[in-house]
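Report on one structure; see the data block that follows.
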Amino acid sequence: MGQIKRAGSHVRKVLAIALDSAEWRVMGPLVDAGLLPNIAALRDRSAFVRLDNSRELRTEFLWTEFATGRPAEESGFWGVANFEPGDYDGRLKAERNLKPWWALGPSFSSVTIDIPDRGVITDEGVYGPQVVGWGAHAPGFDRTSLPEGLLREVDSRFGPHPAFDRECDPLWYSPAYLRNVTDALVEGAALRSEVFEYLLDQTPEWDFALSVWSEAHSGGHVMWHGADPSHPAFATPTAELAGEQMLRIHVALDQAVGRAIANAGECDVCVFSLHGMKPNCSDIQTSVLLPELLHRLHFKKAALRMPGGEEWRAMGMPVVVPDENMQWIDFVARHFADSVSRRAMNFVKRALPMSLLTAARRATGRTSHKPGDLVGDIPPESPFSAAKEGKGK
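Structure, rendered in structure tokens:
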């Protein structure tokens, strides 16, 4: 680890590089194999510590606790949304002006970009550029910055992250989507390096700099079945491709780490991940079982239909893989029908080729795109004053 002590100052520069959701069980073997040389070189000359987080399955708490130095029991921050029992809606919290531990006043200059899951951005005590939502995975806050207009300048100079808000489609079974989203994540990781370097150049006397690279998190959501042999879908057709794309993402992150360290000059360097990743075992319970149980409770009849279910059970209940040309929501919707007309419509949908269904949607003016396409509008910067009150875009 390099370090510097400026004349007349007792503060050492600290460069913090967060690799969101980077799982050492996956990254470690890549480092040992020489595929991630920059991280390997840093590990060989640095202290190495394994972190064990205490918030099982609720990673947003970890980032808030890291930034504020306070557990949720003290900060009162249990998530970015409130549940409204009156209409079963979830609404973003209005006031999220959290004060991070680096809000130390004018004598301490910091640079931060893309801390995920909440708006750890404040106009109280922090001196230096703050950017939220340029390319974070699930930022939990409007795209905004301090000073206001900085994010708009970054978008104009570098463009937005090519995968922003386009990397969460659950299309793990679509080879086209896996390739396209990886291309966007790899490009975004390199672009984030340029943005981070630009922000540091604008703040030459920085004391603390933190950039969060979220690409491993985004990629892991749809490609973990290619990285973890314990994943139920590890033997499905796209698993090998997913593993190859995860390697591309990790190589891109390694290059980003090397560039960030080289451009920062002498400083203490900390590369870390607050949490890793593992197979998701809750999707069926939350998106299939729970709605089915609630439907039966209130309407006294079943909605879930699974044609061929007996044959599937006889085969040992293998992983069900949708057609690669089908949207996930369409696949799930076909299995829910609580009326004769809906069941008949689902039967027709199952019988017709996807190409005909797509053409029919377009002919009737309904939006339709191929599962491999990356779609999503990237909103402009919201003024910080509006964003912190939940009134931004």
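Here the working numbering is used: the first residue of the sequence shown is -6, the next is one more, and so on. We treat Cβ as the ideally placed atom computed from N, Cα and C, and that holds for glycine. Just so it is clear, the structure is predicted and the values come from calculations on it, not from any experiment.
Would you tell me roughly how many angstroms separate the C-alpha atoms of residue i and residue j, rounded to the nearest one?
i      : j      : result
Gly83  : Trp165 : 27 Å
Ala182 : Ala235 : 18 Å
Leu55  : Ala326 : 34 Å
Asp116 : Phe292 : 50 Å
Val314 : Ala15  : 26 Å
Glu233 : Lys294 : 41 Å
Phe201 : Lys6   : 6 Å
Val147 : Pro153 : 8 Å
Gly128 : Leu178 : 10 Å
Ala396 : Pro140 : With the chain covering only -6 through 386, there is no way to say anything about residue 396.
Pro155 : Tyr170 : 14 Å
Leu28  : Asp323 : 39 Å
Glu304 : His268 : 40 Å
Ile106 : Leu143 : 11 Å
Gly72  : Ala60  : 14 Å
Ile114 : Val368 : 28 Å
Asp366 : Glu58  : 36 Å
Asp370 : Ala74  : 22 Å
Ser266 : Gly62  : 16 Å
Pro222 : Lys271 : 10 Å
Glu67  : Ala26  : 43 Å
Arg159 : Ala255 : 30 Å
Asp45  : Leu97  : 28 Å
When we look at the beta-carbon of residue i and count the other beta-carbons within 10 Å, is it buried (16 or more) or exposed?
i      : result
Gly21  : exposed
Ser39  : exposed
Gly79  : exposed
Thr279 : exposed
Gly126 : buried
Pro64  : exposed
Ala257 : buried
Thr195 : According to the sequence as given, residue 195 is Gln; it is not Thr. It is exposed - the Cβ of Gln195 has fewer than 16 other Cβ atoms within 10 Å.
Arg43  : exposed
Phe377 : buried
Phe76  : exposed
Glu208 : buried
Identify, in the order they occur along the chain, each residue of the same chain with its Cβ nearer than 7 Å to the Cβ of residue i, setting aside the five sequence neighbours on each side.
i      : result
Thr175 : Gly212, Gln238, Arg241, Ile242
Gly251 : Asn31
His218 : Trp165, His224, Ala226, Phe227, Thr229, Ala232, Ala235
Pro163 : Val215, Trp321
Pro168 : Thr231, Leu234, Glu317
Ser186 : Ala249, Arg252, Ala253
Glu198 : Ser102
Arg289 : Ala295
Can you list, in chain order, the residues of its chain with a C-beta nearer than 6 Å to that of residue i? Leave out the 5 residues immediately preceding and following it.
i      : result
Glu88  : Unreliable placement is indicated for Glu88, whose pLDDT of 48 sits below 50; no coordinate value is reported for it.
Val312 : Pro225, Ala226, Thr229
Ala9   : Leu203, Cys263
Leu192 : Val104, Pro122
Val124 : Ile106, Ser138, Leu144
Phe70  : Thr57
Leu23  : Leu29, His243
Return the Cβ separation of residue i and residue j in integer angstroms, given the expectation that the two are a contact with Cβ distance under 8 Å.
i      : j      : result
Arg136 : Pro284 : Wrong, their Cβ atoms sit about 32 Å apart, outside the cutoff.
Val119 : Trp94  : At roughly 10 Å, the Cβ-Cβ gap does not stay under 8 Å, so Val119 and Trp94 are not in contact.
Leu35  : Val264 : 6 Å
Leu246 : Leu12  : 6 Å
Phe329 : Leu297 : 6 Å
Met319 : Pro364 : 7 Å
Do residue i and residue j have their C-beta atoms closer together than 8 Å?
i      : j      : result
Phe189 : Ala131 : no
His214 : Cys161 : yes
Ser103 : Gly121 : yes
Ala220 : Val19  : yes
Pro109 : Val205 : yes
Leu452 : Phe157 : Examination of residue 452 is not possible in this model, given that the chain is present from -6 through 386 alone.
Please list, in chain order, all residues of the same chain as residue i whose beta carbon is under 8 Å from its beta carbon, the five residues on each side excluded.
i      : result
Trp17  : Arg43, Ser266, Gly269
Arg172 : Leu234, Gln238, Gly365
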